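Student: Got a structure for you, written out below as structure tokens; questions coming shortly.
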Amino acid sequence: MRLFARWTGGFLPCRQPAIGLEQNPRAQGPLARTGPRNMEMFDVSHADDSQGTRRDFIYYATAGAGAVATGAAVWPLVNQMNPSADVQALASIQVDVSALAPGDQLTVLWQGKPVFIRYRTETEIAQADEVDVSSLPDPNAENANLANPDAPATDENRALMAPEGSGIEPAGAFLVQMGVCTHLGCVPLGESGDFHGWFCPCHGSHYDTAGRIRKGPAPRNLPIPLAAFVDETTIQLG
């Protein structure tokens, strides 16, 4: 014979009577409670908490993996912007000038550009000293070693002073300057031009014995890089 349990709105067929907690001790526990009609009801809050924990774990794991992947992709781009070892090595070089005599010039390559190192004669120095700085196309010294970027282009402000006891006379006999014309970048010829200094064969710029532009299209004097005597016969560039 089939039995029915009474339910709101009709009858539900069932094969056995509804069992409450007091009749089914095996249902006792944190996941079971007795409803208003003596039907078994289960608490699913712990299952929801478990699902939330899994979602949080997946979220943070995905975010962490994305951060690692982004860092791995960006690092090579940042690293390649750092100067290489050979570039860093050329940032500063030392040049032995012990073999030079008055009137000699040595050309060295520094940071991919020529640098003129000239041991000037007393005549060349005297010619440079006689020039009225205010008459120059570029009245600035253009010397990276001076604290004042607007220092006047006197011979003293452009010469490299030798240390005491070096035997170099006069002390400002050495002139160290970039060997690149300030017009369009050609390499000027030494002991040439109308002022016995340097002459650019490309477009006819004339520089005097202090490397100052005197005639032609070049707008500036030959720049003087960072340079200093580190001992009596060695000049460091950079």
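Under UniProt numbering, residues 1 to 238 are what the sequence shown spells out, in order.
No residue lacks a Cβ here, since even glycine has one placed at the ideal position from N, Cα and C.
Given the structure is predicted, the values throughout are model-derived calculations rather than measurements.
Can you check the stretch 124-197 for any beta strand (DSSP E) of at least 3 residues that lies completely inside it and give the ranges in chain order?
Tutor: As far as the stretch 124-197 is concerned, its whole beta strand (DSSP E) runs of at least 3 residues are 174-178, 189-192.
Student: Could you give the DSSP three-state label for R220: helix, strand or coil?
Tutor: The answer is coil: DSSP assigns R220 none of H, G, I, E or B.
Student: Buried or exposed for Q177, going by 16 or more other Cβ atoms inside 10 Å?
Tutor: Under this definition Q177 is a buried residue.
Student: Buried or exposed: where does L109 fall if 16 or more other Cβ atoms within 10 Å of its Cβ makes it buried?
Tutor: Exposed.
Student: Around the Cβ of S98, are there at least 16 other Cβ atoms within 10 angstroms (buried) or fewer (exposed)?
Tutor: With fewer than 16 Cβ atoms within 10 Å of its Cβ, S98 is classed as exposed.
Student: Rounded to a whole number of angstroms, what is the C-alpha to C-alpha distance between L222 and D132?
Tutor: If I take the Cα positions, the gap works out to 18 Å.
Student: Would you call A203 buried or exposed, if buried means 16 or more other Cβ atoms sit within 10 Å of its Cβ?
Tutor: The amino acid at residue 203 is misidentified as Ala; the sequence shows His. By the 10 Å Cβ count, H203 comes out exposed.
Student: Any idea what DSSP makes of residue 243, helix, strand or coil?
Tutor: An answer regarding residue 243 cannot be provided, because it is not within the stretch 1 to 238 covered by the chain.
Student: What does the alpha-carbon distance come out to for the pair L175 and P217?
Tutor: Distance between the alpha carbons of L175 and P217: 23 Å.
Student: Leaving out the 5 sequence neighbours to the left and right, which residues in its chain are closer than 7 Å to N24 when beta-carbon positions are compared?
Tutor: At N24, the pLDDT of 46 sits below 50, so the modelled position is not reliable and the matter cannot be decided from this model.
Student: Taking all protein chains shown into account, do 16 or more other C-beta atoms lie within 10 angstroms of the C-beta of G103, making it buried, or fewer, making it exposed?
Tutor: Label assigned to G103: exposed.
Student: In the DSSP assignment, what residue or residues form a beta bridge with T234?
Tutor: T234 pairs with D96, D231.
Student: By how many angstroms is the C-alpha of A91 removed from the C-alpha of H206?
Tutor: Rounded to whole angstroms, H206 to A91 spans 30 Å at the Cα level.
Student: Beta-carbon separation of E124 and G197 under 9 Å?
Tutor: Going by C-beta atoms, E124 is nearer than 9 Å to G197.
Student: Just reading off the beta strand (DSSP E) that L226 is part of, what are its end residues?
Tutor: Per DSSP, L226 belongs to no beta strand (DSSP E) and is neither H nor E.
Student: Per DSSP, which residues does Y119 bridge with? Please list them.
Tutor: F174.
Student: DSSP on C14, reduced to helix/strand/coil?
Tutor: Low confidence applies here, because C14 scores a pLDDT of 44, under 50, leaving its location unreliable; read the following figure in that light. Three-state result, C14: strand.
Student: Please report the straight-line C-alpha distance between V95 and T107, rounded to a whole angstrom.
Tutor: Going from the Cα of V95 to the Cα of T107 covers about 10 Å.
Student: Suppose contacts are defined by Cβ-Cβ distances below 9 Å. Is A141 in contact with R120 by that definition?
Tutor: Going by C-beta atoms, A141 is not nearer than 9 Å to R120.
Student: Let me confirm a value: F57 is counted as buried when at least 16 other C-beta atoms fall within 10 Å, else exposed. Which label applies?
Tutor: Exposed, since its Cβ has fewer than 16 Cβ neighbours within 10 Å.
Student: Distance, Cα to Cα, I224 vs R118?
Tutor: Whole-angstrom Cα-Cα distance: 12 Å.
Student: Residues in the same chain with beta-carbon distance under 7 Å from residue 243, minus the five sequence neighbours each way, listed in chain order, please.
Tutor: The first residue shown for the chain is 1 and the last is 238, placing residue 243 beyond what the model contains.
Student: Take G172 and list the residues in its own chain whose beta-carbon comes closer than 8 Å to its own, dropping the five residues that flank it on each side.
Tutor: Result list for G172: I125, D155, E156, A159, L160, M161, A162, in chain order.
Student: Once you ignore the five residues that flank D231 on each side, which residues in its own chain have a CB closer than 8 Å to its CB?
Tutor: If we look at D231 and ignore the five residues flanking it on each side, its Cβ neighbours are P163.
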